[in-house]
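If you read the protein sequences in the order shown, they are chains Z and B. Residues 30 to 358 (the working numbering) make up the first sequence, in order. Residues 30 to 358 (the working numbering) make up the second sequence, in order. Think of the CB as a built atom: it goes at the ideal place given N, C-alpha and C, for glycine as much as any other residue. Quantities reported herein were computed from a predicted structural model and do not represent experimental measurements.
There are 2 protein chains.
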Amino acid sequence: MDLTRRHVLTGAAGLAATPLLPAISADAAAPMADKQAPSFYRYKVGDAQVTVISDGVNTFPLGDSFVLNAKKDDVAAALEKAYMPKDKVSIQFGPLVVNSGGKLVVIDTGNGPGAFASSKGNVGQFATNLAAAGIDAKSVDLVVISHFHGDHINGLLTADNVLAFPNAEVLVPSVEWKYFMDDGEMGKQTSERMKGVFANARRVFDAGLKKKVTPYEWGKDVAPGILAVETAGHTPGHTSYVISSGSGKVFVQSDVTNIPYLFAANPGWHAFFDQDPAMAEAARRKTYDMLVADKLMVQGFHYPFPGLGNVEKDGSGYRVIPAPWNPVI
Amino acid sequence: MDLTRRHVLTGAAGLAATPLLPAISADAAAPMADKQAPSFYRYKVGDAQVTVISDGVNTFPLGDSFVLNAKKDDVAAALEKAYMPKDKVSIQFGPLVVNSGGKLVVIDTGNGPGAFASSKGNVGQFATNLAAAGIDAKSVDLVVISHFHGDHINGLLTADNVLAFPNAEVLVPSVEWKYFMDDGEMGKQTSERMKGVFANARRVFDAGLKKKVTPYEWGKDVAPGILAVETAGHTPGHTSYVISSGSGKVFVQSDVTNIPYLFAANPGWHAFFDQDPAMAEAARRKTYDMLVADKLMVQGFHYPFPGLGNVEKDGSGYRVIPAPWNPVI
Chain Z
30 MDLTRRHVLT GAAGLAATPL LPAISADAAA PMADKQAPSF YRYKVGDAQV TVISDGVNTF
90 PLGDSFVLNA KKDDVAAALE KAYMPKDKVS IQFGPLVVNS GGKLVVIDTG NGPGAFASSK
150 GNVGQFATNL AAAGIDAKSV DLVVISHFHG DHINGLLTAD NVLAFPNAEV LVPSVEWKYF
210 MDDGEMGKQT SERMKGVFAN ARRVFDAGLK KKVTPYEWGK DVAPGILAVE TAGHTPGHTS
270 YVISSGSGKV FVQSDVTNIP YLFAANPGWH AFFDQDPAMA EAARRKTYDM LVADKLMVQG
330 FHYPFPGLGN VEKDGSGYRV IPAPWNPVI
Chain B
30 MDLTRRHVLT GAAGLAATPL LPAISADAAA PMADKQAPSF YRYKVGDAQV TVISDGVNTF
90 PLGDSFVLNA KKDDVAAALE KAYMPKDKVS IQFGPLVVNS GGKLVVIDTG NGPGAFASSK
150 GNVGQFATNL AAAGIDAKSV DLVVISHFHG DHINGLLTAD NVLAFPNAEV LVPSVEWKYF
210 MDDGEMGKQT SERMKGVFAN ARRVFDAGLK KKVTPYEWGK DVAPGILAVE TAGHTPGHTS
270 YVISSGSGKV FVQSDVTNIP YLFAANPGWH AFFDQDPAMA EAARRKTYDM LVADKLMVQG
330 FHYPFPGLGN VEKDGSGYRV IPAPWNPVI
């Protein structure tokens with residue numbers, strides 16, 4: 030075989046290998062790639078353009094209290110049924126960029142630069158994948174936030190704690206804003222987790238953004254062709270969206286369910302991060318029944334990337350059928 | 030709002046707009062992106078690394094004879110059930126690069142540079158997506174061909190009709206080679222389609238490669254950790270593969286089925302391009318029963334990109350569950 034560039038590059042290492050190593054080490058082996066494809070994906074909704082920008086995937090051991098009202102064994106069985114390892118949970122984070130009505134709109138922002146460092150790059154990829162998609166954060170007009178959990182708001186700030194989208198207006202659900210900025214509500218919290226959610230929301234919006242946000246109302250367009258829809262329960266102000274253009278329509282479900290093979294398949298399961306589990310379950314069932322009845326495509330923040338699909342009934346729950354990847358826009 | 034680069038760029042056009050145009054045309058609108066993400070995807074099989082390199086998607090109107098033994102209405106219904114347009118068919122092409130045992134191995138090559146031009150870039154993307162994945166065609170050691178249809182072999186040649194992988198050995202199934210190089214078999218053909226398949230195979234292997242190929246046998250490793258498996262019927266020498274490394278294993282099904290929501294869901298359906306439909310159906314049922322029984326992951330050349338999944342029984346057919354995208358390798 031002819032010498033190629035990589036043979037030349039790896040040749041010295043190959044020659045230095047001792048005979049005690051397996052033969053393959055002395056071979057002029059093809060180098061393994063160390064990077065995944067940049068995880069962004071584009072599709073059209075009528076005349077609007079949606080770019081899904083993955084913030085990465087977080088994987089953690091399945092604990093006893095991940096689903097509050099289901100046995101760990103049953104959750105493990107559901108993972109196994111979905112061909113996933115049964116002892117751990119992997120959750121993707123998928124912020125969006127929507128180019129609609131002349132405005133460039135970011136919906137949710139991922140885990141932020143701090144998480145990139147602490148997770149060794151597994152999450153907090155939004156900024157790099159945004160750049161890979163050729164989108165300049167300076168060109169973003171509006172940032173729309175669905176709710177105040179850290180995986181949705183932490184990417185609002187750079188590592189220097191200033192707005193990551195310097196020319197953007199930040200829009201937040203007015204109910205969410207009122208709740209998390211209310212000192213009385215904060216004082217009522219007893220769990221460490223909820224104290225942390227409050228503290229983080231105030232870190233981002235108060236210390237970071239100095240409260241320069243615009244609250245928005247449910248039932249109105251929050252941006253051109255992007256309708257804000259109430260789906261409270263996961264948090265008090267949790268919001269979904271309908272992106273519409275011409276005859277195109279996609280429902281952006283935010284966190285109505287988390288990973289679909291657990292929580293769309295089992296809509297009665299209460300993930301520990303649903304703040305009002307009964308209200309979240311009601312929103313989930315109502316939303317998924319509507320998606321099935323209206324044959325409405327859905328984009329899920331925590332669905333596997335790129336997270337666009339259709340929903341159908343499956344026994345006592347729902348199944349999400351991913352939309353086929355289109356290699357052109 | 031502050032002036033940003035794109036406002037400056039589009040400002041002149043905005044000013045020149047006449048007042049008769051809708052207001053949005055005079056707005057400093059965010060430019061639409063014109064490129065999809067590069068369609069490649071990496072995953073590990075034990076110590077081996079697989080990179081799926083999309084060659085694109087071909088879309089054509091659903092005709093009466095796409096499925097030989099099913100009514101057009103039934104095929105349209107199956108498309109609709111899969112949330113696809115019911116009047117057309119979209120087929121992806123997914124060649125692989127496998128880095129295994131020190132060798133860089135390409136499995137199948139896509140529709141080639143001629144198709145890129147004639148399809149206006151919808152297919153024939155293999156070379157550009159290979160480059161996007163950082164893989165130099167010169168560094169490929171082996172090119173393994175599953176069968177001699179144009180969407181698998183045409184990418185063997187550059188636009189100048191020389192081997193697109195200049196340092197590679199080209200490996201072909203010995204049964205396929207013998208069949209398509211046999212003048213007697215060629216002389217028996219009566220359909221224009223089959224005459225074309227023969228002519229194209231000879232264009233590539235004879236005029237192009239001057240027959241510099243190495244035939245391989247079923248039941249043996251064709252490359253390190255890549256076992257060739259007989260799945261004839263689609264063509265006489267149609268071959269699948271098992272990629273193995275450590276405890277990792279993936280079945281590369283080639284064209285055992287075409288798009289899974291039609292032909293895995295309805296394994297008795299005979300696509301017009303199955304040369305021996307009954308034999309192809311038998312191979313399909315045997316393969317899919319094995320995939321279900323062994324819980325073996327499968328990579329499908331014509332599955333929606335990236336084409337890795339698991340198979341389960343679904344009524345009288347099978348359902349392919351796509352593996353979740355991993356934003357890191």
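If we call anything under 8 Å between Cβ atoms a contact, is serine 119(Z) one with proline 335(B)? no
Any C-beta of chain Z under 8 Å from that of phenylalanine 292(B): no
8 Å Cβ cutoff met for glutamine 282(Z) and threonine 316(Z): yes
Given glutamate 109(Z), which residues of its chain have a CB within under 6 Å of its CB, disregarding the five upstream and five downstream residues? Lys115
Can you check which of these residues, Ala77(Z), Asp63(Z), Pro60(Z), is closest to glycine 277(Z) by C-alpha distance? Ala77(Z)
Given that a residue counts as buried once 16 or more other Cβ atoms are within 10 Å of its Cβ, and exposed if not, what is arginine 222(Z)? exposed
Local Cβ density within 10 Å of aspartate 189(Z), reported as buried at 16 or more and exposed below that: exposed
Listing by chain order, which chain Z residues have their CB less than 7 Å from the CB of leucine 133(B)? Ala59
Mind pulling the chain B residues with CB within less than 9 Å of phenylalanine 145(Z)? By Cβ distance, chain B contributes nothing, its closest Cβ being about 12 Å from phenylalanine 145(Z), past 9 Å.
What residue range does the alpha helix (DSSP H) around methionine 308(Z) cover? 306–323
I need the straight-line Cα distance from proline 351(B) to glutamine 328(B), nearest angstrom please. 10 Å
Tell me, please, which residues DSSP counts as bridged to lysine 241(Z). Note: lysine 241(Z) sits in no beta bridge, so no partner.
Between the stretch 96–128 of chain B and chain Z, which residues of the former have a C-beta closer than 8 Å to a C-beta of the latter? Ala111, Tyr112, Met113, Ser119, Gln121, Asn128
Is the CB of threonine 80(B) under 8 Å away from at least one CB in chain Z? yes
Distance, alanine 162(B) Cα to leucine 125(B) Cα: 12 Å
Confirm, please, whether the CB-CB distance from valine 86(Z) to valine 96(Z) is below 8 Å. no
Grab me the residues of phenylalanine 145(Z)'s own chain with a C-beta within less than 6 Å of its C-beta, minus the 5 sequence neighbours each way, in chain order. Gly153
Interface residues of the stretch 179–191 of chain B facing chain Z [CB-CB below 7 Å]: none
Should aspartate 123(Z) and serine 83(Z) be called a contact, given that it needs their Cβ atoms to be closer than 8 Å? The residue asked about is misnamed: residue 123(Z) is glycine in this sequence, not aspartate. Contact flag set, yes.
Closer than 8 Å by beta-carbon distance: list the chain Z residues that pair up with asparagine 87(B), in chain order. None at all; the shortest Cβ gap to chain Z is about 10 Å.
Could you check if methionine 210(Z) is buried or exposed, using at least 16 other CB atoms within 10 Å of its CB as the buried criterion? buried
Closest residue to lysine 241(B) among Leu185(B), Thr268(B), Pro296(B) (Cα-Cα distance): Leu185(B)
Given a threshold of 16 other Cβ atoms within 10 Å of its Cβ, counted over all protein chains shown, does aspartate 284(Z) qualify as buried or as exposed? buried
Outcome for serine 147(B) when other beta-carbon atoms lying within 10 angstroms are tallied against a minimum of 16: exposed
Within 10 angstroms of the Cβ of glycine 275(B), are there 16 or more other Cβ atoms? Answer buried if so, exposed if not. exposed
Would you mind stating whether glutamate 341(Z) and tyrosine 332(Z) have Cβ atoms separated by less than 8 Å? no
Does the distance from the C-beta atom of aspartate 303(B) to that of glycine 262(B) stay below 8 Å? yes
Just to confirm, are phenylalanine 227(Z) and glutamate 205(Z) a CB contact at a threshold of 8 Å? no
Cβ closer than 7 Å: which chain B residues qualify as neighbours of tyrosine 70(Z)? Ala66
Is the CB of alanine 312(Z) under 8 Å away from at least one CB in chain B? no
Any C-beta of chain Z sitting closer than 8 Å to the C-beta of alanine 193(B)? no
Between serine 203(Z) and the rest of its own chain, which residues show a CB-CB distance below 8 Å, the 5 nearest in sequence each way excluded? Pro244, Tyr245, Glu246, Gly266
Count the other CB atoms within 10 Å of the CB of methionine 326(B); is the residue buried (16 or more) or exposed (fewer)? buried
Output, in chain order, the set of chain Z residues within a Cβ distance shorter than 7 Å of proline 333(B). Pro353, Trp354
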